[in-house]
Amino acid sequence: MAEKGKELSTEVVPEKAEGADAHEDIRSEVLKLRTQSDENFWQFGAVLEHVWKSDLYRGWGFESWTDYIEHEVEISMRKAQYLIKLQSWFDTMTPAIQKWLRGLGWTKSRLLMGAVTADNAAEWKNRLAGKTVAEIEAMLKADSEERGSISASAETDDTGVRAAKWSVSLFPAQKEIVELATKKAMEVANSDKQGHALTMVCQEYLATNTTTTSINDMLKNTERFTGLKIVAIRVGDDGEDEVVYGAEYVNPPEEEEKTESAETGE
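For the sequence shown, this note's numbering assigns the number 2 to the initial residue and increments by one for each residue that follows.
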């Protein structure tokens with residue numbers, strides 16, 4: 002899987018055969034690196050990223066990525082996605098920067114994801130010289146507090162008011178939903194501005210959910226819009242499930258009484 006700028010990147014072994022034996026070398030490599038992830042985290046992340054992007058796990062009999070990670074690789078989904086995200090960030094760096102990051106070791110370099118870019122790596126290299134893990138964490142925390150959760154951008158509107166940049170962390174499934182909704186709004190508005198599209202999505206939500214104050218209200222609105230009846234079940238940690246919405250659809254008492262009365266002739 003050699004990519005642009007990846008002088009030290011992992012090269013994924015190509016498939017040797019079609020069918021059940023295809024990519025078996027890669028499959029074995031994942032399991033081998035799993036036990037050495039702290040020493041070979043870049044290689045582990047690169048191979049996992051290839052398996053994920055190429056859907057190789059489906060050819061190995063797994064219905065989903067989660068199924069493969071939890072039952073064969075046997076690491077948490079959070080760690081798997083973290084390694085892939087780390088690898089995607091690493092791929093954006095030049096060979097020289099990649100070599101520097103590798104030299105820092107796992108503990109230090111993983112802290113820098115999102116902070117170090119190809120443009121500011123030289124500055125960070127000088128700042129981090131001789132720093133301990135604790136000192137690096139403190140630096141990153143100070144930088145984050147200085148930027149704040151919302152940072153000003155250079156873009157302004159017609160009145161000269163500067164736009165603000167807002168960022169949130171999303172899981173892959175959440176990110177997909179947000180991107181689909183934003184893309185649809187951009188098409189409707191005939192605009193290439195993601196910020197405008199996101200505002201439209203939020204405005205529509207607020208306009209159609211003025212009475213929504215709880216999850217029950219949201220489910221009621223969904224029933225009204227779709228014409229469907231919804232049953233929501235909360236799975237308990239003790240194995241006891243609880244119907245928290247729509248219990249009357251599962252076991253309507255009035256209907257049961259009518260049925261019993263008809264059967265007995267009362």
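Ideal Cβ placement from N, Cα and C applies to all residues, glycine included.
Which residue marks the beginning of the beta strand (DSSP E) containing residue i, and which one marks its end?
i, result
"Asp1", "The shown model of the chain, from 2 to 267, leaves out residue 1, and the question about it has no answer."
"Ile234", "233-236"
Bridge partners of residue i, per DSSP?
i, result
"Val134", "The partner list for Val134 (beta bridge, DSSP) is empty, contrary to what the question assumes."
"Glu243", "Arg235"
Excluding sequence positions up to five away, which residues of its chain have a Cβ less than 7 angstroms from the Cβ of residue i?
i, result
"Tyr250", "Lys230, Val232"
"Thr214", "none"
"Gly247", "Lys230, Ile231, Val232, Ala233"
"Arg28", "Trp61"
"Ile137", "Lys109, Leu112, Leu129"
"Val179", "Leu171"
"Asp68", "none"
"Trp66", "Trp53, Tyr58"
"Glu224", "Lys230, Ile231"
Need the endpoints of the alpha helix (DSSP H) that residue i sits in, please.
i, result
"Asp56", "From DSSP, Asp56 is part of no alpha helix (DSSP H); its letter is neither H nor E."
"Ser29", "25-35"
"Leu84", "78-92"
"Val179", "173-190"
"Ile98", "96-105"
"Thr214", "Here Thr214 belongs to no alpha helix (DSSP H), and DSSP marks it neither H nor E."
"Asp68", "66-69"
"Val251", "248-251"
With hydrogens ignored, establish whether the beta-carbon of residue i is closer than 8 angstroms to any heavy atom of the ligand FMN.
i, result
"Val251", "Although the ligand FMN was asked about, the structure shown includes no ligands whatsoever."
Below 6 angstroms CB to CB, which residues in the same chain sit around residue i once its five sequence neighbours on both sides are set aside?
i, result
"Met94", "Ala119"
"Gln1", "Past the boundaries of the shown model lies residue 1; the chain is included only from 2 to 267, so the question cannot be answered."
"Val245", "Ala233, Arg235"
What whole-angstrom Cβ distance do residue i and residue j have, given they're in contact under 8 angstroms?
i, j, result
"Trp61", "Phe91", "The pair is not a contact, with the Cβ atoms about 25 angstroms apart (cut-off 8 angstroms)."
"Ala186", "Ala198", "4 angstroms"
"Leu32", "Asn41", "About 13 angstroms separates the two Cβ atoms, so there is no contact after all."
If you drop the 5 nearest sequence neighbours on each side, which residues of the same chain put their C-beta closer than 8 angstroms to that of residue i?
i, result
"Thr1", "No information on residue 1 is available, as it lies outside the stretch 2 to 267 that the chain covers here."
"Ala190", "His197, Ala198, Met201"
- Check whether the region 110-122 touches the region 83-91, taking contact to mean three or more Cβ pairs, one atom from each stretch, closer than 8 angstroms. yes
- Task: Say whether the region 60-78 touches the region 87-107, bearing in mind that this needs 3 or more beta-carbon pairs closer than 8 angstroms, one atom from each stretch.
- Result: No, because fewer than three Cβ pairs between the region 60-78 and the region 87-107 fall closer than 8 angstroms, the two stretches do not touch.
- Query: Taking three-plus beta-carbon pairs below 8 angstroms as touching, is the region 192-203 in contact with the region 217-226?
  - Reply: no
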